[in-house]
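Contents: one structure, followed by commentary.
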C-alpha cells in the first residue's frame, strides 16, 4: 500500500495529538486502540475502576479530536 503525502501528514498530526494528551488519556487510548486491550484489562493495568477507564477513553478521544481538528484546520488556512 502506497501512502500519500496527505496520509502521512494526517498520521503525523494524530501522533502529535496523542503525544499532547495527558498521560492517563494517552495510556488508555494507546492500550485500547493500538494494543487491543479491553476496558477490563486496561482497568487492571492502570489500577483504575472500569468506569474511570471508560471516562478516560471518552474524554481522551474528544480531546484528541478537538486537537486534531484545530491543528488540521489551522494548517489548511496557512497553506
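In this note's numbering, the protein residues as written are 7 to 85. All C-beta atoms, glycine included, are put in the ideal place defined by N, C-alpha and C.
- [ ] Taking residue 31 and residue 65 to be in contact with their CB atoms under 8 Å, please state how far apart those CB atoms are, rounded to whole angstroms.
- [x] Against the chain shown, residue 31 aligns to sequence position 25. Against the chain shown, residue 65 aligns to sequence position 59. Contact check for residue 31 and residue 65: beta-carbon distance about 6 Å, within the 8 Å limit, so the pair qualifies.
Task: Same chain only: Cβ atoms within 8 Å of residue 16, ignoring 5 sequence neighbours per side - done: On the chain shown, residue 16 is found 10 positions in, with the first residue counted as 1. 78, listed in sequence order.
TODO: Mind checking which residues open and close the alpha helix (DSSP H) that includes residue 27?
DONE: Mapped onto the chain shown, residue 27 falls at position 21. From DSSP, residue 27 is part of no alpha helix (DSSP H); its letter is neither H nor E.
Open item on the list: Assuming residue 52 is part of the alpha helix (DSSP H), what are its boundary residues?
Closed with: Counting from 1 along the chain shown, the entry for residue 52 is found at position 46. First-last of the alpha helix (DSSP H) with residue 52: 45-52.
Task: Cβ neighbour criterion (16 or more within 10 Å) applied to residue 85 - done: In the chain shown, the residue the question calls residue 85 occupies position 79. At residue 85 the pLDDT is 46, less than 50, meaning the model places this residue with poor confidence; the figure from the coordinates comes in the next sentence. Residue 85 comes out exposed.
Task: Cβ neighbour criterion (16 or more within 10 Å) applied to residue 8 - done: Residue 8 sits at position 2 when you count from the first residue of the chain shown. In this structure residue 8 is exposed. Its beta-carbon is surrounded by fewer than 16 other beta-carbon atoms within 10 angstroms.
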